[in-house]
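What follows is a short report on a single structure.
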Amino acid sequence: MTDTTVTPKTTAPAKRGLTERLGNELRFVPVALGLVALFLFFATQSDVFLTSRNLNNLMIQSTVTGIIALGLVFVLLTGEIDLSVAATSGVAAVFMAKMVVDAGLPIPLAILLGVGIGLLIGALSARWVTLIGVPSFVVTLGVGLVLNGVQLLLLPNTGRYNLLNTGVEKLAATYVSGPGAWALVLIAIALFALIRVTTFRSRQNAGLPASLGGGVFVPVAVVGAVLIALLMFLENQRGLPMPVILFIGLLGVTSYIAHETRFGTYLYAIGDNAEAARRAGIKVDRIKITAFAIAGGMAAFGGILSASRILGVSVSSGGGVGGGALLLESIAAAVIGGVSLFGGRGMVIGALFGALIIGTVSNGLNLMGVANEARLIVTGLLLVLAVSIDRGIEKLAGPAG
Amino acid sequence: MTEPILRLRGITKHFGGVKALTDVSLDLEPGKVVALVGDNGAGKSTLVKVMAGAHRPDSGEYLFEGRKVEAATPASVADMGVQTVYQDLALCNNLDAVQNLFLGRELTGPWWTGFRVTRASAERRAKDVLRRMRLDSISLSRNVGAMSGGQRQNIAIARSILWEPKVVLLDEPTAALSHSAAEQVGNLVRELASHGLAVLVISHDIHHFVLDNTDRIEVLRLGRNAGSFNSKDVTGEQVVNVMVGGDESVNMAG
Chain A
361 MTDTTVTPKT TAPAKRGLTE RLGNELRFVP VALGLVALFL FFATQSDVFL
411 TSRNLNNLMI QSTVTGIIAL GLVFVLLTGE IDLSVAATSG VAAVFMAKMV
461 VDAGLPIPLA ILLGVGIGLL IGALSARWVT LIGVPSFVVT LGVGLVLNGV
511 QLLLLPNTGR YNLLNTGVEK LAATYVSGPG AWALVLIAIA LFALIRVTTF
561 RSRQNAGLPA SLGGGVFVPV AVVGAVLIAL LMFLENQRGL PMPVILFIGL
611 LGVTSYIAHE TRFGTYLYAI GDNAEAARRA GIKVDRIKIT AFAIAGGMAA
661 FGGILSASRI LGVSVSSGGG VGGGALLLES IAAAVIGGVS LFGGRGMVIG
711 ALFGALIIGT VSNGLNLMGV ANEARLIVTG LLLVLAVSID RGIEKLAGPA
761 G
Chain B
68 MTEPILRLRG ITKHFGGVKA LTDVSLDLEP GKVVALVGDN GAGKSTLVKV
118 MAGAHRPDSG EYLFEGRKVE AATPASVADM GVQTVYQDLA LCNNLDAVQN
168 LFLGRELTGP WWTGFRVTRA SAERRAKDVL RRMRLDSISL SRNVGAMSGG
218 QRQNIAIARS ILWEPKVVLL DEPTAALSHS AAEQVGNLVR ELASHGLAVL
268 VISHDIHHFV LDNTDRIEVL RLGRNAGSFN SKDVTGEQVV NVMVGGDESV
318 NMAG
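Going down the list, the protein sequences come from chains A and B. Okay, so the first sequence: first residue is 361 according to the working numbering, each after it adds one. Okay, so the second sequence: first residue is 68 according to the working numbering, each after it adds one.
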């Protein structure tokens, strides 16, 4: 094919409006603003809320829900759901504890095995879903109950493994401060900048419009400012808590996977139109199995982190029977963060904001001396409100006709 | 007269007791747009699926560039250089035009980047193809779900030609479109032919789309070849008559 000499029509492509961008790459903005509003509200209600000690607690409390939600986003993007993530986190934590306490395995190995079991549980559930065609809702509901039973079988007669002084507690209790903390923050900023710069450069090289300000400086400045502010704020305390470091690291890796890689594109494609994805040659089943494995592995790691923080595992690890509040809050975190339960829409970073909103409501109301029932009611209303705002934006950004 | 690039000879396809196609022949030449018309159930879609490798014929020959080929799977037919755009378009509404154009064939970095999508080179290539097809007005970074039916149809067609095929098969590209959007698709179809592609279009819109944009009209009736017309030398009424089997009544009247 050769270029024709006729001048092409000069109609400029339609500009993308704000609502359309809010429906896509800026999807997290409303929920981020909501989080800021909540912060301001609680700051006026309690003198303690904005202290670094309290925010330190708030963040650590949010990491377990947040990590499980991060993994869950992958499954939700494909249009499936995993109701066994909380139970997976419980079983993996108990298994890890058993390996450390009963078998005397080195801790890193025990943690690795625990995460591996989570991956395996996710992959096998998904294999069943894709092979038989049973809805993932049903399969993972069943798997969750099975895992609850397995968890009880793994526990000793006392119903609990104590992890104090085993070394496992260090995972959650370690703080990084001083030069080490600065190094971590700078490395994180540098990696983020690297991704932005390479995108900018490749657009330039391809002769495409590229904006150094909007594409590189602004995002890097925002991310850098947030991370440095976080570090300086927490330096007042004991430095960066390990759970927060781990969460931010996982957030970075999962964001990259979902938004930069081919696999990530396939998640979105399958979530919107699985048949189109299949016809485009995408191995839909394999992608789904991988997504469930990621969710299972992340859930397992979240459970292990939780066990390390509360110094033991018991019947109630993983939220207790059925997953309880841990399961509901993990799903709610992803959904509040703008991830659609119908697949194909939302961003990984939504899990961060969702988990922080749930954590903030719980923490703030607690400081105000409001009872538990109010906390549940507020969280529930926020969930409905967040999804409603999301839908509203989506409708505004919908087909031009 | 250009040599046909794709020839079907005596294609027969039965589904159980139903004769979908009986002894059907069809030629597609480079640079020509051929319309495939017929009433509902005449076998148009079945014939396209045979050409696309989605159905194996019970008997008959499939010749591509003069050689007999198997055309066993959609993938092997696509590799050969025959692309099909089905009526449902198979687009992902939550992805933008570039992502849809390259879906399943993303350009990526090496494994250690986790197969990072190299969007810039894809966008560059997409831009060039769309410009060649006079589709510059399509925004590359908008989600296709936010686009009009005509634009979506054009993106689906653009996707089929991105890898420079030799034959494009379009299954009812104008069925759900307004008159002006159908005209745009018509322009695109002629544009493809002017670049040397062989194009087959199924359409029900005989009076406008088919007569305006095609070189030859092949009529199917009840799974058989019922007539072949030069688009310039025929009226819509004549084609419709052959389509519905009304030519006998015309003869009786004459």
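The beta carbon of each residue, even a glycine, is placed where N, CA and C say it ideally should be.
Straight-line Cα distance separating residue j from residue i
i                      : j                      : result
residue 370 of chain A : residue 715 of chain A : Summary for residue 370 of chain A: the model assigns pLDDT 41, below 50, so the residue's position carries little reliability, and this model does not support an answer.
residue 595 of chain A : residue 537 of chain A : 7 Å
residue 502 of chain A : residue 650 of chain A : 20 Å
residue 229 of chain B : residue 568 of chain A : 19 Å
residue 688 of chain A : residue 436 of chain A : 14 Å
residue 614 of chain A : residue 504 of chain A : 24 Å
residue 215 of chain B : residue 250 of chain B : 14 Å
residue 125 of chain B : residue 141 of chain B : 17 Å
residue 633 of chain A : residue 626 of chain A : 10 Å
residue 583 of chain A : residue 549 of chain A : 7 Å
residue 84 of chain B  : residue 272 of chain B : 31 Å
residue 510 of chain A : residue 500 of chain A : 15 Å
residue 430 of chain A : residue 171 of chain B : 25 Å
residue 490 of chain A : residue 643 of chain A : 11 Å
residue 128 of chain B : residue 122 of chain B : 13 Å
residue 306 of chain B : residue 442 of chain A : 56 Å
residue 506 of chain A : residue 147 of chain B : 50 Å
residue 544 of chain A : residue 636 of chain A : 42 Å
residue 138 of chain B : residue 80 of chain B  : 14 Å
residue 609 of chain A : residue 534 of chain A : 16 Å
residue 105 of chain B : residue 498 of chain A : 46 Å
residue 166 of chain B : residue 157 of chain B : 13 Å
Reduced DSSP secondary structure (H/G/I, E/B, other) of residue i
i                      : result
residue 597 of chain A : coil
residue 209 of chain B : coil
residue 96 of chain B  : coil
residue 266 of chain B : strand
residue 398 of chain A : helix
residue 220 of chain B : helix
residue 150 of chain B : strand
residue 182 of chain B : coil
residue 299 of chain B : helix
residue 463 of chain A : coil
residue 271 of chain B : coil
residue 670 of chain A : coil
residue 409 of chain A : coil
residue 87 of chain B  : strand
residue 245 of chain B : coil
residue 380 of chain A : helix
residue 293 of chain B : strand
residue 102 of chain B : strand
residue 235 of chain B : strand
residue 583 of chain A : helix
residue 137 of chain B : coil
7 Å Cβ shell around residue i - same chain, five flanking residues per side excluded
i                      : result
residue 756 of chain A : 379
residue 628 of chain A : 437, 704
residue 317 of chain B : For residue 317 of chain B, the predicted structure reports a pLDDT of 41, less than 50, and the residue's modelled location is therefore unreliable. A value from the coordinates is still provided. Here the set comprises 308.
residue 750 of chain A : 698
residue 681 of chain A : 508
residue 278 of chain B : 298, 303
residue 259 of chain B : 228, 235, 266
Other residues of its chain near residue i: CB distance less than 8 Å, five sequence neighbours each side excluded
i                      : result
residue 721 of chain A : 398, 735, 738, 739, 742
residue 754 of chain A : 383, 705
residue 69 of chain B  : 96, 97, 98, 99
residue 295 of chain B : 283, 284, 285, 286
Own chain, CB closer than 6 Å to residue i, minus 5 neighbours either side, in chain order
i                      : result
residue 675 of chain A : 519
residue 401 of chain A : none
Residues of the region 626 to 637 of chain A in Cβ contact with chain B at a cutoff of 9 Å, in chain order, please.
Listed in sequence order: 626, 628, 629, 630, 631, 632, 633, 635, 636, 637.
Decide if the region 642 to 662 of chain A is in contact with the region 472 to 487 of chain A; the criterion is three or more beta carbon pairs, one per stretch, under 8 Å apart.
The region 642 to 662 of chain A makes contact with the region 472 to 487 of chain A, as at least three CB pairs between them are under 8 Å.
Going along the chain, which residues of the region 610 to 625 of chain A sit with their C-beta nearer than 9 Å to a C-beta in chain B?
Flagged, chain order: 616, 617, 620, 621, 622, 623, 624, 625.
With contact counted as at least three CB pairs below 8 Å, one residue from each stretch, are the region 520 to 530 of chain A and the region 660 to 673 of chain A in contact?
With the cut-off at 8 Å, the region 520 to 530 of chain A and the region 660 to 673 of chain A touch.
Scan the region 699 to 719 of chain A for residues whose Cβ lies nearer than 7 Å to a Cβ of chain B and list them as they occur along the chain.
The region 699 to 719 of chain A vs chain B, Cβ under 7 Å: 704, 705.
Under 7 Å, CB to CB, which of the residues in the region 154 to 180 of chain B have a partner in chain A?
Hits within the stretch, in order: 157, 158, 159, 160, 161, 162, 166, 170, 171, 173, 175.
Counting only Cβ-Cβ distances shorter than 9 Å, please list the residues of the region 561 to 576 of chain A near chain B, keeping chain order.
For the region 561 to 576 of chain A, the beta-carbon criterion of a distance under 9 Å to any beta-carbon of chain B is satisfied by 561, 562, 563, 564, 565, 566, 567, 568, 570.
Tell me, please, whether the region 175 to 192 of chain B touches the region 554 to 564 of chain A by the rule of three or more beta-carbon pairs shorter than 8 Å.
With a cut-off of 8 Å, the region 554 to 564 of chain A and the region 175 to 192 of chain B count as touching, because enough Cβ pairs lie within range.
Does the contact criterion of 3 or more C-beta pairs under 8 Å hold for the region 235 to 244 of chain B versus the region 270 to 289 of chain B?
With the rule of 3 Cβ pairs closer than 8 Å, the region 235 to 244 of chain B counts as touching the region 270 to 289 of chain B.
Residues from the region 176 to 206 of chain B in contact with chain A, defined by Cβ distance under 7 Å
For the region 176 to 206 of chain B, the residues whose beta carbon sits under 7 Å from a beta carbon of chain A are, in order, 181, 182, 183, 184, 185, 187, 188, 190, 191, 198, 199, 201, 203, 204, 205, 206.
When you check each C-beta in the region 276 to 290 of chain B against every C-beta of chain A, which residues fall closer than 8 Å?
Residues: none.
Name, going along the chain, the residues of the region 640 to 654 of chain A whose beta-carbon falls closer than 9 Å to a beta-carbon of chain B.
So the list reads 640, 641, 642, given in the order they occur along the chain.
Could you tell me whether the region 592 to 611 of chain A touches the region 413 to 426 of chain A, where touching means 3 or more Cβ pairs closer than 8 Å?
Touching, yes.
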